[in-house]
Amino acid sequence: MNSNVGIDSMFPLPAQIRKVVWETEDTFTLLLEPDNGGSDFHFSPGQFNMLYAFGIGESAISISSDPSNKDNIAHTIHRVGSVTSVFSQLEKGDVIGLRGPFGNGWPVEKAKGKDVCIVTGGIGLAPLRPVLYSIFNNRKEYGKIFLLYGARSPLDLLYRVELEKWGKMKDVTVQVIVDRCDTSWKGHIGVVTKLFSYIKLNTANTIAMICGPEIMMKFTIQELSQRGVPPEQIYISMERNMKCGIGLCGHCQCGPKFVCKDGPVFALPQISQFLEKKEI
Amino acid sequence: MEKRDLSEIVRHHPFVNDLSEYHLNILISCVSNVRFAEGSYIFHEGEDATKFYLIREGKVALEIHSGEKGAIRVQTIGEGEVLGWSWIVSPYKWHYDACVIDNVRAFAFDGKCLRTKCEADHDFGYEMIKRFSQVLEQNLKAARYQVMDVYGR
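Same order as they appear, the protein sequences are chains A and B.
Heads up: the first sequence at position 162 corresponds to 166 in this note's numbering, and the numbers run straight through without jumps.
Heads up: the second sequence at position 101 corresponds to 141 in this note's numbering, and the numbers run straight through without jumps.
Below, the structure written as structure tokens:
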């Protein structure tokens, strides 16, 4: 899965921006075409690329597109620092550097034959969108799908058109909740864990995938555990400051794990002891 | 609907999970079946908190009015959840407006009737306190979590 772990993986390839889609006021998606046309670019849902703003720096960005679509490699980016601010000013035709894909990805194979419960918040939906695409491309191989998604406000929701489309699919439940809103919002208000009240999980046969702020994941794990989902069926994606992407530099170390190489996706028993440690 | 019929439906609401038959019957003695249309208000801030509600269907938004910002919605309460805890906490006044945003069917429980029964039967009162403590704890946790603004920068 993690094919690019040699010295070549340290050299960024040029990738041209084919399109920029603004998802929210401060979050946008870059659709990229690598220099070689993208035909050789294969990734698993949950993997990430190191994107390079020439002369500024690199940032680890999850791939947010359909793994079967080789023409458009999408990265949804939250504008939060110097590198992502530069990315936010780029336009169609501009070129950036791309290294990857890195990391291990979500357990989409292991989830076959099971229900899948995706719990996510904020930009955390981006690395899980490829999971949904993979499931929908092989729909008969999976059971019921639950997507529980929390955001700061209705204006901060990603992929709004797709959320609506997915919610209308058979055996797919999409529940969205926001922290704050005005009176025009008719959906749920509160924290993402509240959405568990509105679904019925077959806990013995459910794989849970969680991605979002660490505090959100902590509460979600507690909720899933209380409902009887075994820890080995819970997967989370860790976010750490990544530099090399291949487990050499140690920037992303979390206990004995390198998040860039051993993760970013971990089964809960692999990582739970480090989630509670303030120093890590 | 007869109280006897209502009890068959009430017992399936998550709030009464594991409540003894005896205590369930006390609770049922104060119940009525209610409906509220979308856009209506179930109660307003400052009014006497005379009831609590177990939501069977629909959705209610709790609103705070903040002057020039207008109404801010801070929480929704939907199917299987409990609306209102002020009936059990002195001075028994609502702290929010409760706006129906999706047609609601609910069980309404008379707060004064229940407070009298809690005083008369402390075991029943303790059951109520335990259950509403959980509602309050969940609300407090959620409020703290929302204050953290975890999805912000």
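Glycine included, every Cβ here is placed at the ideal spot set by N, Cα and C.
No experiment lies behind these values; they were computed from the predicted model shown.
Chain-ordered chain B contacts of residue i [CB-CB under 7 Å]
i: asparagine 194/A; result: The amino acid occupying residue 194/A in the given sequence is glycine; asparagine does not appear at that position. Those are Gln115, Thr116 and Ala182, listed as they occur along chain B.
i: glycine 251/A; result: Neighbours of glycine 251/A on chain B: none; closest Cβ ~28 Å, over 7 Å.
CB of residue i within 8 Å of CB of residue j, strictly
i: threonine 202/B; j: tryptophan 127/B; result: Nothing can be reported for residue 202/B: it is not among the residues displayed for chain B, which extend from 41 to 193.
i: aspartate 39/A; j: leucine 17/A; result: yes
i: proline 71/A; j: serine 241/A; result: no
i: histidine 296/A; j: threonine 156/B; result: Outside the shown range of chain A, which is 5 to 284, sits residue 296/A, and nothing can be said about it.
i: alanine 57/A; j: valine 90/A; result: yes
Residue range of the unbroken beta strand (DSSP E) whose run includes residue i
i: valine 144/B; result: 137–150
i: serine 66/A; result: 61–66
i: threonine 124/A; result: 119–125
i: lysine 23/A; result: 17–26
i: cysteine 215/A; result: 210–215
Terminal residues of the alpha helix (DSSP H) in which residue i lies
i: lysine 183/B; result: Position check: residue 183/B holds alanine in this sequence, whereas lysine was assumed. Counting along the chain, the alpha helix (DSSP H) containing alanine 183/B begins and ends at 162–188.
i: tyrosine 137/A; result: 133–141
i: serine 276/A; result: 272–279
i: tryptophan 170/A; result: 164–171
i: valine 263/A; result: 263–266
CA-to-CA distance, residue j to residue i, given in whole angstroms
i: asparagine 209/A; j: lysine 118/A; result: 5 Å
i: glutamine 179/A; j: leucine 136/A; result: 15 Å
i: aspartate 137/B; j: glycine 171/A; result: 30 Å
i: lysine 133/B; j: histidine 84/B; result: 9 Å
i: serine 86/A; j: isoleucine 60/A; result: 8 Å
i: arginine 231/A; j: glutamate 218/A; result: 20 Å
i: glutamate 95/A; j: isoleucine 21/A; result: 7 Å
i: glutamate 73/A; j: serine 229/A; result: The identity of residue 73/A in the sequence shown is asparagine, whereas the question assumes glutamate. The alpha-carbon atoms of asparagine 73/A and serine 229/A are separated by roughly 36 Å.
i: valine 233/A; j: isoleucine 203/A; result: 14 Å
i: phenylalanine 224/A; j: threonine 177/A; result: Per the sequence presented here, residue 224/A reads as threonine, with phenylalanine not at that position. Roughly 17 Å between the two C-alpha positions.
i: glycine 254/A; j: valine 269/A; result: 17 Å
i: isoleucine 169/B; j: glutamate 87/B; result: 22 Å
For residue i, three-class secondary structure by DSSP
i: methionine 221/A; result: helix
i: cysteine 70/B; result: coil
i: asparagine 6/A; result: Unreliable positioning characterises asparagine 6/A in this predicted model, as indicated by a pLDDT of 47, which lies under 50. The coordinate reading is nonetheless provided below. Note: asparagine 6/A maps to coil in three-state DSSP.
i: glutamine 93/A; result: coil
i: alanine 115/A; result: coil
i: arginine 83/A; result: coil
i: glutamate 97/B; result: strand
i: phenylalanine 58/A; result: coil
i: cysteine 248/A; result: coil
i: valine 56/B; result: helix
Within chain A, partners of residue i - CB distance below 7 Å
i: alanine 101/B; result: Ile193
i: alanine 111/B; result: Thr187
Chain-ordered neighbours of residue i on chain B, where CB pairs are closer than 8 Å
i: arginine 156/A; result: Asp189, Tyr191 and Gly192
i: glycine 126/A; result: Val190 and Tyr191
Interface residues of chain B facing residue i [CB-CB closer than 9 Å]
i: tyrosine 163/A; result: The contacting residues do not exist; tyrosine 163/A stays about 15 Å from chain B at best.
i: lysine 23/A; result: Within 9 Å Cβ-Cβ: nothing; lysine 23/A doesn't reach chain B, min ~25 Å.
Partner residues on chain A for residue i, Cβ-Cβ distance less than 8 Å
i: glycine 120/B; result: Ser201 and Tyr202
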